[in-house]
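Asker: Positions 22 to 409 (our numbering) are the ones given, in order, by the sequence shown.
Every residue gets a Cβ at the ideal spot worked out from N, C-alpha and C, and that includes glycine.
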Amino acid sequence: SETVTSRDATITFPGVGEYNGLMVLNQGTECADTAEIYVNVYPSIEADYVFDYDTCIAGPVQFEDFSSTGAGAIRRWDWQFGDGGVDNAEDPSYRYSEPGVRLVSLTVEDDNQCTDVITKRVVWQPVPSLIIVEPTTFIGCKPAQIFFNNLSNPIDSTYAIDWDFGDGGTSNDISPTHVFEEEGVYDIKIDITTPIGCFTTKTFRDWIRVLPSPEAGFTYTPEEPSIFNREISFQDESEDGIGWLWNFGDLGISFDRNPTFEFPDTGLYKVDLVVTNETSCTDTFTQFIDIKPLVTLHMPTAFTPNNDGMNDVFFGAGYYDGITSYEFKIFNRWGQQVFSSDDPEIGWNGRLNNSGEESPTGVYVYTTEYRGPRGEPYALKGHVTLVR
């Protein structure tokens, strides 16, 4: 036996068994009291398990309990599979939905309500049992852009994926997008390697068929249309086309191969040509037609300001709607300015600033500077003869 006289006691028992003790307070006094102590030391319990599975096949993992206890039997198993899944069976079978490295814990309890827990690392990274890719087949026109949706399972970003699209193109994405630039029939091959080296491959024979497409194109005349020449002749320059759709926006459409179209006003117009071939494939070609707002201004070489109503005023003639700025000046032979105007409708009547004394017969110099509707600059300079 062991006697302890301190307030708190720590006792090491020699082994499994039942032990009795006595606690005495205030021993030898009238206030003494005693309490009996009963201690049961149970045999130890040790949690353990093993697991088995084919590392490269996407099947279930078989777990087997190897726990032990020195007395009674194990009555409870609590499995935690590391992905949220649980089980209370003694030897469960569990299939993961996603690949990965899991920490699997087993907690056991025996008849004496003693418990123990063990955690082990389970690597589940098999190859997919079936490689599934959408679309299952494809027929389209070149250039054909295809999204390959890899639905194979299990698979994640830790896997090495190698695609061969049969046209020289490759990808390492799980679900790639690829553009087939040329017509033809293509085999698609996919290799899958897991992080632990498991490998599978599949080739989809004649899976992609890319049809030929026409090549749309057109020219037009005149090459520099303007407000004075708004009727445009379009010439189809497409290859392998059997159908034509010309789209002039809100202004209309045409199914002629070489249509003629008159635009209503100046501006930048979008023209689309959609060409269809024998396989119903299409191609679109777009050009912008610029109907320019031309400004024309011509200056006469002489005028006669004699008030006979004919050729009395010197100013420019032509088409100048939309002019954004205008400066017209006249100088005599000594370089003195005799007239100026900022309005193309107001010309020189032969008098100093149109209200002073009459200028004599002779040759005068004029300059005209103006800007068109789009701000483009123009300049004219020349001589005019005043005849009285």
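Do Phe169 and Val154 have their beta-carbon atoms positioned less than 8 Å apart in this structure?
Answerer: Walking along the sequence shown from the start, residue 154 turns up at place 133. Walking along the sequence shown from the start, residue 169 turns up at place 148. Yes, these two residues count as a Cβ contact at 8 Å.
Asker: Met44 bridges to which residues according to DSSP?
Answerer: Here residue 44 is taken as the residue at index 23 of the sequence shown, counted from 1. The partner list for Met44 (beta bridge, DSSP) reads Ala56.
Asker: For Thr297, count the other beta carbons within 10 Å of its own beta carbon; 16 or more makes it buried, fewer makes it exposed. Which is it?
Answerer: On the sequence shown, residue 297 is found 276 positions in, with the first residue counted as 1. Thr297 comes out buried.
Asker: Which residue wins for smallest C-alpha separation from Ala338, given the options Thr31, Thr406, Val316, Lys350?
Answerer: As a working note, residue 338 is residue 317 in the sequence shown. The residue with the shortest Cα to Cα distance from Ala338 is Val316.
Asker: Note down the Cα distance separating Trp145 from Asp73, rounded to an integer number of angstroms.
Answerer: Residue 145 sits at position 124 when you count from the first residue of the sequence shown. Residue 73 sits at position 52 when you count from the first residue of the sequence shown. Each residue's alpha carbon lies about 11 Å from the other.
Asker: Relative to the C-alpha of Glu111, which candidate in Gly121, Pro314, Gln134, Val71 has its C-alpha closest?
Answerer: Here residue 111 refers to the residue found at position 90 when the sequence shown is read from its first residue. Checked all of Gly121, Pro314, Gln134, Val71; the closest Cα to Glu111 is Val71.
Asker: So is Tyr59 buried or exposed if we call it buried at 16+ other beta carbons inside 10 Å?
Answerer: One-based indexing of the sequence shown puts residue 59 at position 38. Under this definition Tyr59 is an exposed residue.
Asker: When you compare each of Asp277, Ile274, Glu51, Pro365 to His319 by their alpha carbons, which one comes out closest?
Answerer: The count along the sequence shown starts at 1 and reaches residue 319 at position 298. It is Pro365 whose Cα lies nearest to the Cα of His319.
Asker: Answer yes or no: do Gly383 and Arg354 have a C-beta to C-beta separation smaller than 8 Å?
Answerer: Within the sequence shown, residue 383 is the residue found at index 362, counting from 1. Within the sequence shown, residue 354 is the residue found at index 333, counting from 1. Cβ atoms of Gly383 and Arg354: closer than 8 Å.
Asker: Indicate the three-state DSSP secondary structure (helix, strand or coil) for Asp271 in the structure shown.
Answerer: Looking up residue 271 in the sequence shown gives position 250. Here Asp271 sits in helix by DSSP.
Asker: Ordered along the chain, which non-local residues of its own chain (more than five positions away) have a Cβ less than 8 Å from that of Pro321?
Answerer: The sequence position of residue 321 within the sequence shown is 300, counting from 1. Answer for Pro321: Asn332, Phe335, Ala338, Val405, listed in chain order.
Asker: Does any heavy atom of the ligand SAM sit closer than 7 Å to the C-beta of Ser234?
Answerer: Looking at this structure, you won't find the ligand SAM or any other ligand, since it has none at all.
Asker: Within its chain, find whatever has a CB closer than 8 Å to the CB of Ile344; leave out the 5 residues flanking it on each side and keep chain order.
Answerer: By one-based count along the sequence shown, residue 344 stands at place 323. For Ile344, where only same-chain residues beyond five positions count, the Cβ hits under 8 Å are Val316, Pro365, Tyr391, Arg392, Gly393, Pro394.
Asker: Quick one: what's got a C-beta closer than 6 Å to Gly190's C-beta in the same chain, skipping five residues either side?
Answerer: For the purposes of this step, residue 190 is identified with residue 169 of the sequence shown, where counting begins at 1. Within the same chain, Gly190 has close Cβ partners His199.
Asker: Could you pull the start and end residues of the beta strand (DSSP E) that Phe84 belongs to?
Answerer: Position 63 of the sequence shown, counted from the first residue, corresponds to residue 84. First-last of the beta strand (DSSP E) with Phe84: 82 to 86.
Asker: Please report the straight-line C-alpha distance between Leu151 and Thr140, rounded to a whole angstrom.
Answerer: Position 130 of the sequence shown, counted from the start, is the residue given in the question as residue 151. Position 119 of the sequence shown, counted from the start, is the residue given in the question as residue 140. Approximately 32 Å, taken between the alpha carbons.
Asker: How is the beta strand (DSSP E) around Trp184 delimited, first residue to last?
Answerer: What you label residue 184 is simply residue 163 of the sequence shown in a count that begins at 1. First-last of the beta strand (DSSP E) with Trp184: 181 to 185.
Asker: Which same chain residues end up closer than 7 Å to Leu46 when comparing Cβ atoms and leaving out the 5 residues on each side of it in sequence?
Answerer: Stepping through the sequence shown from its first residue, residue 46 is reached at position 25. Here the set comprises Ala53, Asp54.
Asker: Would Phe84 pass as a contact of Tyr115 if the rule is Cβ separation under 8 Å?
Answerer: Within the sequence shown, the letter at position 63 stands for residue 84. Within the sequence shown, the letter at position 94 stands for residue 115. Going by C-beta atoms, Phe84 is nearer than 8 Å to Tyr115.
Asker: Can you look up Asn374 in the DSSP assignment and give me helix, strand or coil?
Answerer: Your numbering for residue 374 matches position 353 in the sequence shown. Note: Asn374 maps to helix in three-state DSSP.
Asker: What is the rounded straight-line gap between the Cα of Pro314 and the Cα of Gln357?
Answerer: For the purposes of this step, residue 314 is taken as residue 293 along the sequence shown, with counting starting at 1. For the purposes of this step, residue 357 is taken as residue 336 along the sequence shown, with counting starting at 1. About 35 Å.
Asker: With C-beta atoms as the reference, is Glu130 less than 8 Å away from Arg97?
Answerer: To locate residue 130, count along the sequence shown from 1; it is residue 109. To locate residue 97, count along the sequence shown from 1; it is residue 76. Yes. Within cutoff.
Asker: Please determine, among Ile195, Ile274, Ile176, Asp183, the residue with the shortest C-alpha to C-alpha distance to Tyr20.
Answerer: Beyond the ends of the chain as shown, which are 22 and 409, falls residue 20; an answer cannot be given.
Asker: Does the Cβ-Cβ distance between Val143 and Ser126 come in under 8 Å?
Answerer: Numbered from 1 along the sequence shown, position 122 holds the residue referred to as residue 143. Numbered from 1 along the sequence shown, position 105 holds the residue referred to as residue 126. Contact flag unset, no.
Asker: Counting along the chain, where does the beta strand (DSSP E) carrying Val143 start and finish?
Answerer: In the sequence shown, residue 143 corresponds to position 122, counting from 1. Residues 136 to 145.
Asker: Specify whether the region 216 to 226 and the region 241 to 250 touch according to this definition: at least 3 beta carbon pairs, one from each stretch, less than 8 Å apart.
Answerer: no
Asker: Going straight from the alpha carbon of Phe201 to that of Ile310, what length do you get?
Answerer: Here residue 201 refers to the residue found at position 180 of the sequence shown. Here residue 310 refers to the residue found at position 289 of the sequence shown. Whole-angstrom Cα-Cα distance: 32 Å.
Asker: Measure the alpha-carbon distance for Ile160 versus Pro285 and round it to whole angstroms.
Answerer: Numbered from its first residue, the sequence shown carries residue 160 at position 139. Numbered from its first residue, the sequence shown carries residue 285 at position 264. Ile160 and Pro285: Cα-Cα distance of roughly 43 Å.
Asker: Beta carbon of Glu204, beta carbon of Glu252: below 8 Å?
Answerer: As a first step, residue 204 must be located in the sequence shown, where it is residue number 183. As a first step, residue 252 must be located in the sequence shown, where it is residue number 231. No. Outside cutoff.
Asker: Shortest alpha-carbon distance to Pro398 belongs to which of Ser380, Gly238, Ser346?
Answerer: Working through the sequence shown from its first residue, we reach residue 398 at position 377. When each option's Cα is compared against that of Pro398, the closest is Ser346.
Asker: Contact check, Ile7 vs Gly187 under 8 Å by CB: the rounded distance?
Answerer: Here the chain comprises residues numbered 22 to 409, so residue 7 is not present and cannot be evaluated.
Asker: Provide the residue span of the beta strand (DSSP E) that contains Phe306, from first to last.
Answerer: As a working note, residue 306 is residue 285 in the sequence shown. Start and end: 303 to 312.
Asker: Which full runs of the beta strand (DSSP E) of 3+ residues lie inside the region 155 to 234, going along the chain?
Answerer: 159 to 162, 165 to 168, 181 to 185, 198 to 201, 205 to 214, 220 to 232
Asker: Just how far apart, CA to CA, sit Ile367 and Thr305?
Answerer: Working through the sequence shown from its first residue, we reach residue 367 at position 346. Working through the sequence shown from its first residue, we reach residue 305 at position 284. If you take the alpha carbons of Ile367 and Thr305, they lie about 51 Å apart.
Asker: Return yes when the Cβ of Asn41 is within less than 8 Å of the Cβ of Glu57, no when it is not.
Answerer: Along the sequence shown, one-based indexing puts residue 57 at 36. Along the sequence shown, one-based indexing puts residue 41 at 20. For Glu57 and Asn41, yes; Cβs fall inside 8 Å.
Asker: Candidates Leu172, Gly103, Lys163: which alpha carbon is nearest Tyr207's?
Answerer: Along the sequence shown, read from residue 1 onward, the residue named residue 207 stands at position 186. Selected option, being the one with the closest Cα: Lys163.
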